[in-house]
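Notes to accompany the following structure.
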Amino acid sequence: MDAIRFEHVTKRYGTEEIITDLNLAIPAGKFFALLGPSGCGKTTILRLIGGFEHVDSGKIFLDNVDVTDVPINQRRVNTVFQYYALFPHLNVFDNVAYGLRIKGVPLPEIKHKVIQVLAKVHLEKQVSKKIEQLSGGQQQRVALARAIVNEPKVLLLDEPLAALDRNLKEQMLVELIELQYELKTTFVYVTHDQTEALAVADQMAIMNDDGEIEQVGTPKEIYEFPVSSFVAQFVGKTNLFKGVLREHCGDFCFCVEGLGDFGVVIDSAKMTACEGKEALLSIRPEKIEINKEEQLGFANHVCARVDGMIYHGRSTEYLLIVNGRRITVFEQNEEHFARDAIVEGDTVHLYWQKENAVVMER
Amino acid sequence: MRRIKQAFLYRLTYFLATPAFLWEIVFLCIPFLFIMSASVYLQGRGFSLAAYKLILTGAHMRIIVRSLVLALFTAFCCLVVAYPVAYFIAFRARSWKNALVLLLTLPFWVNFLVHVYAWFFILERNGIFNKILLALGIISEPLHMMNTLFAVAIVMFQVYLPFMILPVYLFFEKFDTRLLEASLDLGASWRQTFWRVLVPLTMAGAQLGFFLVLGMSFGDYVTPQLMSGGKTLFVGTVISDYFIINRSFSLGSAFTCISAVVLIGLMAISLGLFKLVAKGAK
């Protein structure tokens, strides 16, 4: 079942169309991430779900009920705002109790629920503290508690970790995943950070700069089988080559001018779609093997010159040149000192299996 | 050594308030001590509470209460009007904001007396106000408005309104409008959001404006004198009468002291009320 469904939704600010004829279904009980570059309209989608903005045309359904014209305060949706928007005149307890007090829940029940939810976000010791006395991470947790204590059908998270430092961010990501698993509430998480989205999401949607959804799927589907070069480049790094797809007695090969012909695995539908047109080949940098010696057992092979190396700690990024084209390769640093280390200027062999390359129409 | 120097410099910052303290002492505390001593000193008789005995009679107290009610009414009306105006300037005026704030000071560009006299033309028998009401058919006879409490009140309201709008606006400006969205998101109505979020967070500005207007309108001399035609007595007019016309320093001083005590008492009560409103908002 869908928790949220957009049907032909269009949203304008003035004359500028932010979202055009959007159709999107967000499955219930899942952690859904909306990933896109800054200013692509993903926050607008969130604000439309929350009711902060109204559609210019189209409909929005929440649990199959049309909520297009339902005001903010009557939607069973709560938001964790980017800069938390905690009430500075209330302490932690009163911030979290705000929604329950509005609903007229009796005080003993409020106390019980607030303490329970604060324990869930590890803030039981900060109950009576003022907001200004809390660290950024703690404020983030209060914002989370303030939203989930109302047991919303959908929890909206607008770049909630943007203001946190990296270690805290990773810790909060794990806590968010655990929390969603425990609550089974639909989480809609908006971010421009692909690592965050890949880590938290059960399902994710990728938006392009024009506010269109390029692809919806599990993080694995998105990363391994991007449908377009935009997705391939926005989520992770990739090597893209323009070329033409050809068929030789049931085998498919992708011909890149000046580089060679490479075997690929595709279905016949893609063959029909790409037939006779220029297409794109995407190979993830970590899917390519790099070696100084010749290897056997790989379908595809090219020789390359090492132009530069970037040491990332857990991996090394090789910047290579093949016939004037740049190729990037990631190699795990499995040993402290590799026996035959590659240095700049070396000629190396690159290999990849044909299953690991993806052919795209655009 | 450096730490000692820093500590010393830090201590020095306390002295930055010295001019303000001196100002308060020289121009407020010392004169008030003079007034207090004058109130208990009768020429030829030395220490005496006779002045207080006279002032604490019905007639004088009635004047104080009248001024008080007028000041409270003025401050309250200003407060009610200032909120929507401040809201508009802070959140809706956008690029007009600075111009509108500047416009608030416009009344101060005109001499205060001219300002008050201008109301004569509006409120008199053949004034604009009566003409409009007659033209609209709301009244058939011109209303008698000059030299009434209504005239005093409306002029005070108009004169002191900017002193309310400015501090309230200041706190609206500091207010993070995202908190309104957060409140609505948590299920609150606009009314609940107003009382539970906007009011508590702008309360300090409302308090400041309220005390400013209350204090100024309580002791105002010019407005009541001119708009009531000098017929109705107010605190300001009585004080000036005692000091300037009667030359009775002890009576004038005693009256001043008692008015001040009453005003401070009233402010304390209002402070409590403001706290109550803020607390009730939780």
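If you read the sequences in order, they're chains A and B.
Residue numbering for the first sequence follows my numbering, beginning at 62 and increasing consecutively.
Residue numbering for the second sequence follows my numbering, beginning at 320 and increasing consecutively.
Quick reminder that beta carbons are idealized off the backbone N, C-alpha and C, glycines included.
Within the stretch 80 to 144 of chain A, the runs of alpha helix (DSSP H) at least 4 residues long that lie entirely inside it are, in chain order, 103 to 111.
Residue range N361 to Y372 is occupied by the beta strand (DSSP E) that includes A/I371. Between B/G591 and B/A401, the C-beta spacing is not below 8 angstroms.
Burial of A/D155 is indicated by the presence of at least 16 other C-beta atoms within 10 angstroms of its C-beta. Judged by DSSP secondary structure, A/D322 falls within the beta strand (DSSP E) whose first and last residues are G321 to V325.
Under the 10 Å beta carbon count, A/C335 is surrounded by 16 or more other beta carbons and is classified as buried. In this structure, B/F568 sits near B/A357, with a CB-CB distance shorter than 8 angstroms.
Pairing B/E460 with B/T467, the inter-Cα distance amounts to about 17 angstroms. C-alpha of A/A206 to C-alpha of A/A224: approximately 18 angstroms in a straight line.
The three-state reading of DSSP puts A/Y379 in strand, counting E and B together. A residue is called buried once 16 or more other Cβ atoms fall within 10 Å of its Cβ, and A/N125, having fewer, is exposed. From the beta-carbon of B/R497, the residues of chain A found nearer than 8 angstroms are F142, Y144 and A146.
If only uninterrupted alpha helix (DSSP H) runs of at least 4 residues are considered, those enclosed by the stretch 195 to 229 of chain A are 197 to 209.
Selection B/Y436, B/F439, B/K493 and B/A378 evaluated against B/I408 yields B/K493 as nearest (Cα-Cα). Sequence-distant Cβ neighbours of B/K416 in its own chain, meaning closer than 7 angstroms and more than five residues away, are I408. The DSSP-derived three-state label of A/K172 is helix.
Nearest neighbour of B/T521 by Cα position, chosen from B/G534, B/Y329, B/L485 and B/Y360, turns out to be B/L485. Per the coordinates, the alpha-carbon of A/L301 lies some 8 angstroms from the alpha-carbon of A/S290. Sixteen is the threshold: since fewer than 16 other Cβ atoms of the shown chains lie within 10 Å of the Cβ of B/L331, the residue is exposed. Residue contact check for A/H150 against chain B: a CB pair falls below 8 angstroms. The stretch 372 to 416 of chain B is shown to contain whole alpha helix (DSSP H) runs of 4 or more residues at 377 to 406, in chain order.
The three-state secondary structure of B/Q325, taken from DSSP, is helix. DSSP, reduced to helix, strand and coil, places B/N449 within a helical segment of the structure shown. Excluding five sequence positions before and after A/T246, the CB atoms of its chain that fall closer than 8 angstroms to its own CB belong to G90, I209, E212, P213, K214, V215 and L216, given in chain order. In this structure, the CA atom of B/S578 is about 41 angstroms from the CA atom of B/R411. Rounded to the nearest angstrom, the Cβ distance from A/A365 to A/V383 is 5 angstroms, consistent with a contact under 8 angstroms.
A/Y74 is outside the set of residues whose beta carbon lies under 8 angstroms from a beta carbon in chain B. Excluding five sequence positions before and after B/Y561, the CB atoms of its chain that fall closer than 7 angstroms to its own CB belong to S567, L570, G571 and F574, given in chain order. By the Cβ criterion, the stretch 373 to 381 of chain A is not in contact with the stretch 302 to 314 of chain A, since fewer than three pairs of Cβ atoms, one from each stretch, lie closer than 8 angstroms. A/N139 places its beta carbon less than 8 angstroms from that of B/D504. Taking one beta carbon from each stretch, the stretch 188 to 205 of chain A and the stretch 66 to 86 of chain A have fewer than 3 pairs nearer than 8 angstroms; the two do not touch. Looking at the DSSP output, B/H463 bridges to nothing. Secondary structure note for A/H397: it is in no alpha helix (DSSP H), with a DSSP letter that is neither H nor E. Contact check between the stretch 157 to 164 of chain A and the stretch 525 to 540 of chain B: fewer than three CB pairs, one atom from each, fall below 8 angstroms, which does not count as touching.
B/L361 is bridged by DSSP to B/G365. For A/F113, a Cβ of chain B is located within less than 8 angstroms of the residue's own Cβ.
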